[in-house]
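What follows is one structure encoded as structure tokens, with my remarks underneath.
Structural data, given as structure tokens:
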């Protein structure tokens, strides 16, 4: 195995919270050198102050010593170097531009207009290094919106329409427990960044990659033609079942839930055979896909009644024996411990640089397996400013006296 596919690329990471740090986490896992720039006057990335914290005594709601680190930072800071730089100090711009001269990528997730006010926007960076790919992740795009434009995941979920795609008809809006607004945008940001890097390698020209949280999530909502489906009688919200793909959904056994996805004739026949209703396979009610859709309520009720009288194990066994796509509904603790995903590095244990791994703490890995390249995201998150001296000294050539003067001036 060789080093990561992004080995030799340097990323200046101006991000905080979740959306931006997840993007740079992926870049780090793919082999890039990620230099995380943190504000020393605010305690660094806001994620450093997210309860709970991993301490010498385990997980605690409050920080009890300087070595304690938030679980959020343990996850999002992996594989990165941390330097402190107060970008509101005029002298900091020279340090920042020196970093840019040595970089291939800059990633930021300030609200629209902030980087321009700080003098570190794409135009300023392009003047220093026109090969740099400058990626912005914001709530609504670089053009901004009326008002302050501050976006949080729940705000983006609300505006995207996704809250009205889950739950039963008439239910209140359903907020997805996974912060999908915060997690989808960085995926598109990484796709855009790597595409722009390829362009820069081919042409010598960097560019601005502008990704919005709202646009990213709404584009996924638009993957399903919900308006068209409603116009022909399919409800927008169908809860745990999907009538237009019947039999399809989640069902409750005596001691747990399972999911079935069986929209084809062959899979549907398997379901009917498994629930001991093989006599209905060629019936007018369920013999064709259109018939199953038209009679979805009846079909799903048959499956539900059958499942209610069985243990989860026996229900799964019967459906699997009939070659039906079926799986138990697992909780998150079970899911992240699955040897299939941990063995492939798609989920990895979180490790504190001093306290090691605490049982039950897992983080997202790199869900890609390369035949030649090595990807890794297991290096512990850094302490705030841990690499300030080494980055400024080794990468930029600053001597100790200059670093100390910058520190005394409040720049670092």
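Numbering (the working numbering), first residue to last: -5 to 406.
In this text, a Cβ means the ideal position worked out from N, Cα and C, and glycines have one as well.
Because the structure is a prediction, the values reported are computed rather than measured.
Going by the CB atoms, is the gap between residue j and residue i shorter than 8 Å?
{"i": "residue 193", "j": "residue 128", "result": "no"}
{"i": "residue 375", "j": "residue 68", "result": "yes"}
{"i": "residue 10", "j": "residue 45", "result": "no"}
{"i": "residue 80", "j": "residue 404", "result": "yes"}
{"i": "residue 175", "j": "residue 147", "result": "yes"}
{"i": "residue 123", "j": "residue 13", "result": "no"}
{"i": "residue 97", "j": "residue 6", "result": "yes"}
{"i": "residue 76", "j": "residue 378", "result": "yes"}
{"i": "residue 25", "j": "residue 60", "result": "no"}
{"i": "residue 323", "j": "residue 251", "result": "yes"}
{"i": "residue 133", "j": "residue 215", "result": "no"}
{"i": "residue 241", "j": "residue 262", "result": "yes"}
{"i": "residue 279", "j": "residue 16", "result": "no"}
{"i": "residue 372", "j": "residue 326", "result": "no"}
{"i": "residue 130", "j": "residue 204", "result": "yes"}
{"i": "residue 301", "j": "residue 245", "result": "yes"}
{"i": "residue 304", "j": "residue 200", "result": "no"}
{"i": "residue 72", "j": "residue 357", "result": "yes"}
{"i": "residue 53", "j": "residue 346", "result": "no"}
{"i": "residue 383", "j": "residue 369", "result": "no"}
{"i": "residue 287", "j": "residue 281", "result": "no"}
Is residue i helix, strand or coil by DSSP?
{"i": "residue 350", "result": "strand"}
{"i": "residue 381", "result": "coil"}
{"i": "residue 330", "result": "helix"}
{"i": "residue 81", "result": "coil"}
{"i": "residue 74", "result": "strand"}
{"i": "residue 14", "result": "helix"}
{"i": "residue 371", "result": "coil"}
{"i": "residue 343", "result": "strand"}
{"i": "residue 102", "result": "strand"}
{"i": "residue 214", "result": "helix"}
{"i": "residue 24", "result": "coil"}
{"i": "residue 387", "result": "helix"}
{"i": "residue 362", "result": "coil"}
{"i": "residue 40", "result": "helix"}
{"i": "residue 19", "result": "helix"}
{"i": "residue 209", "result": "helix"}
{"i": "residue 410", "result": "As displayed, the chain neither begins before -5 nor continues past 406, which places residue 410 out of reach and without an answer."}
{"i": "residue 64", "result": "strand"}
{"i": "residue 272", "result": "helix"}
{"i": "residue 235", "result": "strand"}
Which word fits residue i, buried or exposed, when buried means at least 16 other C-beta atoms lie within 10 angstroms of its C-beta?
{"i": "residue 218", "result": "exposed"}
{"i": "residue 95", "result": "exposed"}
{"i": "residue 163", "result": "exposed"}
{"i": "residue 185", "result": "exposed"}
{"i": "residue 195", "result": "exposed"}
{"i": "residue 101", "result": "buried"}
{"i": "residue 363", "result": "exposed"}
{"i": "residue 248", "result": "exposed"}
{"i": "residue 1", "result": "exposed"}
{"i": "residue 18", "result": "buried"}
{"i": "residue 62", "result": "buried"}
{"i": "residue 115", "result": "buried"}
{"i": "residue 413", "result": "Here the chain has residues from -5 to 406 only, and residue 413 is not among them."}
{"i": "residue 27", "result": "buried"}
{"i": "residue 74", "result": "buried"}
{"i": "residue 211", "result": "buried"}
For the beta strand (DSSP E) containing residue i, list its first residue and its last residue.
{"i": "residue 186", "result": "Counting along the chain, residue 186 falls outside any beta strand (DSSP E), though it belongs to the alpha helix (DSSP H) covering 174 to 197."}
{"i": "residue 337", "result": "Careful: residue 337 lies outside any beta strand (DSSP E), inside the alpha helix (DSSP H) at 333 to 337."}
{"i": "residue 6", "result": "4 to 8"}
{"i": "residue 242", "result": "242 to 247"}
{"i": "residue 53", "result": "52 to 54"}
{"i": "residue 320", "result": "320 to 322"}
{"i": "residue 201", "result": "201 to 206"}
{"i": "residue 28", "result": "27 to 32"}
{"i": "residue 128", "result": "127 to 132"}
Note the first and the last residue of the continuous alpha helix (DSSP H) segment covering residue i.
{"i": "residue 47", "result": "First-last for residue 47: 47 to 49, but that is the beta strand (DSSP E), not the alpha helix (DSSP H)."}
{"i": "residue 253", "result": "Note, residue 253: premise wrong, no alpha helix (DSSP H); beta strand (DSSP E) at 250 to 255."}
{"i": "residue 297", "result": "290 to 302"}
{"i": "residue 224", "result": "220 to 225"}
{"i": "residue 307", "result": "306 to 315"}
{"i": "residue 152", "result": "147 to 154"}
{"i": "residue 116", "result": "116 to 122"}
{"i": "residue 109", "result": "108 to 112"}
{"i": "residue 88", "result": "86 to 95"}
{"i": "residue 420", "result": "This structure gives no information on residue 420, because the portion of the chain shown stretches from -5 to 406."}
{"i": "residue 265", "result": "259 to 268"}
Sufficient close CB pairs (3 or more, under 8 Å) joining the stretch 149 to 166 to the stretch 216 to 235: yes
Taking contact to mean at least 3 C-beta pairs separated by less than 8 Å, is the stretch 328 to 335 in contact with the stretch 264 to 272? Between the stretch 328 to 335 and the stretch 264 to 272 there are fewer than three inter-stretch CB-CB distances shorter than 8 Å, so the stretches are not counted as touching.
Pairing CB atoms from the stretch 256 to 265 with CB atoms from the stretch 314 to 322, are three or more of them under 8 Å? Enough Cβ pairs lie closer than 8 Å, so yes.
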